[in-house]
Amino acid sequence: MKTVLTIAGSDSCGGAGIQADLKTFSALGTYGMSVITAVTAQNTMGVINVREMDVEIVRDQIDCLFDDIMIHAVKIGMVSSVEIIETIGSCLRGRTDTPIVLDPVMVSKSGCHLLRPESTEALSKVLFPLAEVVTPNLFEAEVITGQKINNIDGMEEAAVKIHDLGARNVVVKGGHLAGDAVDVLYDGLHFDYLKGTRFDTPNTHGTGCTFSSAIAAYLAGGFSVPEAVREAKKYISGAIENSFALGHGVGPTHHFYALYRKAGVYNE
Ligand SMILES: Nc1ncnc2c1ncn2[C@@H]1O[C@H](COP(=O)(O)OP(=O)(O)O)[C@@H](O)[C@H]1O
Ligand SMILES: Cc1ncc(COP(=O)(O)O)c(N)n1
Numbered sequence: 003m004k005t006v007l008t009i010a011g012s013d014s015c016g017g018a019g020i021q022a023d024l025k026t027f028s029a030l031g032t033y034g035m036s037v038i039t040a041v042t043a044q045n046t047m048g049v050i051n052v053r054e055m056d057v058e059i060v061r062d063q064i065d066c067l068f069d070d071i072m073i074h075a076v077k078i079g080m081v082s083s084v085e086i087i088e089t090i091g092s093c094l095r096g097r098t099d100t101p102i103v104l105d106p107v108m109v110s111k112s113g114c115h116l117l118r119p120e121s122t123e124a125l126s127k128v129l130f131p132l133a134e135v136v137t138p139n140l141f142e143a144e145v146i147t148g149q150k151i152n153n154i155d156g157m158e159e160a161a162v163k164i165h166d167l168g169a170r171n172v173v174v175k176g177g178h179l180a181g182d183a184v185d186v187l188y189d190g191l192h193f194d195y196l197k198g199t200r201f202d203t204p205n206t207h208g209t210g211c212t213f214s215s216a217i218a219a220y221l222a223g224g225f226s227v228p229e230a231v232r233e234a235k236k237y238i239s240g241a242i243e244n245s246f247a248l249g250h251g252v253g254p255t256h257h258f259y260a261l262y263r264k265a266g267v268y269n270e
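If you read the sequence shown in the working numbering, its first letter stands for residue 3, the second for the next number, and so on.
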């Protein structure tokens, strides 16, 4: 059994964060585990409250898993504070056999800061050099590089800059650009373009969490980075195509539509 660990925040409404990550790991046939960095009180309309975990419990969650279990890939999402970032860094440094996918989560789609603004530098200094893949969205790539991004050329420039900060592979996601949903993968030498149909849906809660978790699940399964990113793109596209309305705001993507259909229990 391939195992994948998510280090991220809890999203009480289940569309993003730890909950989206574990659903993705399960849907892709891997065994999911979690380290919770923060608990958010969140629904489809917004984030009501955030409680960070203290660094001791973050460290103990990570260490006790590595002490006991072979972990085939790690995904990192919401990390919130400099202290939590440094703790994760010190726990993972040296564990070079385990590929790490870092989704540099900063602000929720509903506009809440999930990374304290003063933690941006620590995120790139401490965690980028540990990452096999970093997956910024347009806004995150702009904050990290200090440059506005309006098109694919801008995404390429940002990918190069983020690679220079130590990430071995960078996927700049184009989910927030107009037109097709095109993401740019850069490995330090070549650009690769992940093209996807844009689905006209408001229900995109947790798309970035799901995409990065799918990359981690495929890396755990032994796929190369370009293969893992390509398969993850297919997975997130299907999950968005089958996303659904929930609550009064931005609904979640659907992780199990293929399995449900096969079992004849798919409920539109
Ligand atoms: N409406 C959409 N239709 C199809 N793909 C989308 C759509 N919105 C986002 N994506 C894709 O979902 C993935 C996550 O991207 P994005 O939504 O930009 O991440 P984030 O949640 O970090 O803002 C990317 O592969 C992106 O291209
Ligand atoms: C705990 C947690 N982690 C990540 C996100 C980002 O997801 P989105 O960008 O879809 O709001 C979130 N809303 N909550």
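A virtual CB, placed ideally from N, CA and C, is assigned to each residue, including glycine.
(request) Taking only heavy atoms of ligand 1 into account, decide whether any of them is closer than 7 Å to the Cβ of Thr206. (result) yes
(request) From the DSSP output, in three-state form, read off Pro254 for me. (result) strand
(message) With DSSP as the reference, identify every bridge partner of Asn51, one or two as the case may be.
(response) Ala43
(request) Check the C-beta distance from Gly177 over to Ala183 and give it rounded, since I have them as a contact under 8 Å. (result) 6 Å
(request) Note the first and the last residue of the continuous alpha helix (DSSP H) segment covering Lys197. (result) Here Lys197 belongs to no alpha helix (DSSP H); instead the beta strand (DSSP E) covers 193 to 198.
(request) Would you tell me roughly how many angstroms separate the C-alpha atoms of Leu196 and Met72, rounded to the nearest one? (result) 31 Å
(message) In chain order, what are the residue ranges of uninterrupted alpha helix (DSSP H) at least 4 long that sit wholly in the stretch 86 to 165?
(response) 140 to 147
(request) Flag this pair as yes or no: are the beta carbons of Gly17 and Thr46 separated by less than 8 Å? (result) yes
(message) For the alpha helix (DSSP H) containing Ile64, name the first residue and the last one.
(response) 57 to 70
(request) Return yes when at least one heavy atom of ligand 3 lies under 7 Å from the C-beta of Lys175, else no. (result) With respect to small molecules bound, the structure shown includes ligand 1 and ligand 2 and not ligand 3.
(request) Out of His256, Thr98, Thr199, state which residue places its alpha-carbon closest to the alpha-carbon of Pro131. (result) Thr98
(request) Answer yes if the stretch 186 to 193 comes into contact with the stretch 151 to 161, meaning at least three C-beta pairs across the two stretches below 8 Å, and no otherwise. (result) yes
(message) Measuring alpha carbon to alpha carbon, tell me which residue in Val231, Gly266, Gly240 is nearest Val103.
(response) Val231
(message) To the nearest angstrom, how far is the alpha carbon of Ala40 from that of Val60?
(response) 9 Å
(message) Short of 6 Å in beta carbon distance, which residues of its chain neighbour Glu142, apart from the five on each side in sequence? Order them along the chain.
(response) Pro106, Met108
(message) For a test of your reading of the model: does the CB of Met80 fall under 7 Å from any non-hydrogen atom of ligand 2? Yes or no.
(response) yes
(request) Measure the C-alpha to C-alpha separation of Phe68 and Gly181 and round it to an integer number of angstroms. (result) 42 Å
(request) State yes or no: is the C-beta of Ala219 within less than 8 Å of the C-beta of Thr32? (result) yes
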